[in-house]
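Just below is one structure, and these are the notes that go with it.
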């Protein structure tokens with residue numbers, strides 16, 4: 312098992328909360344087709360991700376990758392910031 316490379320999942324989403332220390336909440340939205348009626352629906356899920364340097368802020372578009380469990384709810388880390396939110 313030593314030296315085995317694993318393919319970790321990565322997702323892109325928008326940060327909806329950065330109020331916790333070293334943690335951000337990322338909203339992941341995906342579009343799925345209803346199996347019977349064929350309507351396109353938007354499904355969403357909120358994932359907590361680790362932000363070591365507290366660099367990301369609410370509204371930023373980020374990429375997160377899967378990692379080992381860091382706490383009860385955190386098993387994703389912030390990979391990079393794709394797009395900054397507009398400054399207010």
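In our numbering, the protein residues as written are 312 to 399. We put the beta carbon where it would ideally sit given N, CA and C, even for glycine. Remember, predicted model here, so these are calculated numbers, not experimental data.
{"Check": "Enclosing beta strand (DSSP E) for residue 367 [first to last residue]", "Outcome": "Looking at the DSSP string, residue 367 is not in any beta strand (DSSP E), and its letter there is neither H nor E."}
{"Check": "Nearest candidate by alpha-carbon position, reference residue 330, set 361, 317, 353, 352", "Outcome": "361"}
{"Check": "Buried/exposed call for residue 332, threshold 16 Cβ in 10 Å", "Outcome": "exposed"}
{"Check": "Rounded C-alpha distance that separates residue 347 from residue 340", "Outcome": "21 Å"}
{"Check": "8 Å contact criterion, which residue 367 and residue 343 should meet: CB distance rounded", "Outcome": "Actually they do not touch by this definition, with Cβ atoms about 27 Å apart."}
{"Check": "Limits of the unbroken beta strand (DSSP E) element including residue 391", "Outcome": "385-394"}
{"Check": "First and last residue of the uninterrupted beta strand (DSSP E) at residue 356", "Outcome": "351-361"}
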